[in-house]
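>
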Amino acid sequence: MALAALYRSLFRRTSTFALTVVVGAVLFERVFDQGADALYSHLNEGVRSGLQGHGGVIARRGQSAPCCQGTRGLHR
1 MALAALYRSL
11 FRRTSTFALT
21 VVVGAVLFER
31 VFDQGADALY
41 SHLNEGVRSG
51 LQGHGGVIAR
61 RGQSAPCCQG
71 TRGLHR
């Protein structure tokens, strides 16, 4: 019975079928992306990444990174 109602409401007409496929793909992509990001963060917890800017050098709040000190005016 439930499958018949699902068929009548979503899959009978081509337009609703296409909309169902698109919405399902967007939702799947969102859930998969967040799951992959969470898994990546969990597996690499405590590891410094080179993608953090300044080559992985982390500066204290209110200070510039050591790699950027004394370079003001050199990059024009």
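Each residue of the sequence shown is one higher than the one before, counting from 1 in UniProt numbering. Ideal placement from N, C-alpha and C gives every residue a C-beta, glycine not left out.
1. Suppose you measure from the CA of Arg-13 to the CA of Phe-32; what does that come to, to the nearest Å?
2. Does DSSP put Val-26 in a helix, a strand or coil?
3. What residue does the alpha helix (DSSP H) around Leu-3 start on, and which one ends it?
In short, the structure shows the following:
1. 28 Å
2. helix
3. 2-6
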